[in-house]
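For reference, the structure is listed below as structure tokens.
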Amino acid sequence: MKLKTLHDTIKEKYESGDYNNPTEVKQLKSNKEKQYEQMLGSTMSVTALFLILLCTEIPERYAWLEDILIFLTIANGLACIFSAVKLSQIKKHSKDQH
Numbered sequence: 000m001k002l003k004t005l006h007d008t009i010k011e012k013y014e015s016g017d018y019n020n021p022t023e024v025k026q027l028k029s030n031k032e033k034q035y036e037q038m039l040g041s042t043m044s045v046t047a048l049f050l051i052l053l054c055t056e057i058p059e060r061y062a063w064l065e066d067i068l069i070f071l072t073i074a075n076g077l078a079c080i081f082s083a084v085k086l087s088q089i090k091k092h093s094k095d096q097h
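Per numbering that gives the first Met the number 0, the sequence shown starts with residue 0, numbered consecutively.
So, in structure tokens, the structure goes:
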């Protein structure tokens, strides 16, 4: 698509009001919201992995590994809570703006 054609298409949509539709704006997610959703998903899966490892026989063989796994599980749990709180704040802030 040529630049002139793209410009004309955007201009037509803007003039016809296609970009002022509030339902489409509500469906869009900010980059921070996407980032915290990804962070929440990854930390939750890593925390679940650490909990599964804690339930195996591996920590019983190596006492130092159990302490490290407990620490990492707690740290990832706190990261999950932080991500969930930030995500809810971003969603609440975006609802207040619309």
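A virtual CB, placed ideally from N, CA and C, is assigned to each residue, including glycine.
Given the structure is predicted, the values throughout are model-derived calculations rather than measurements.
Is the beta carbon of S82 closer than 7 Å to that of Y13? no
Distance between S15 and T72 (C-alpha atoms, nearest Å): Going by the C-alpha atoms only, they are around 53 Å apart.
Let me know the secondary structure DSSP gives K1 once reduced to three states. If DSSP states are grouped into helix, strand and coil, K1 belongs with coil.
With DSSP run on the structure shown, which of helix, strand or coil describes E32? Under the three-state reduction of DSSP, E32 is assigned to helix.
What are the complete alpha helix (DSSP H) segments, minimum 4 residues, inside the stretch 50-95? 57-60
Beta-carbon gap between N75 and T46 smaller than 7 Å: yes
What's the C-alpha gap between I98 and S93? Not covered by the structure: residue 98. The range shown for the chain is 0 to 97.
Based on Cα-Cα distance, which residue from K3, C79 and K85 lies nearest to S44? Measuring from the Cα of S44, the nearest candidate turns out to be C79.
Just tell me which of K33, F70 and E32 has its CA closest to the CA of L50. F70
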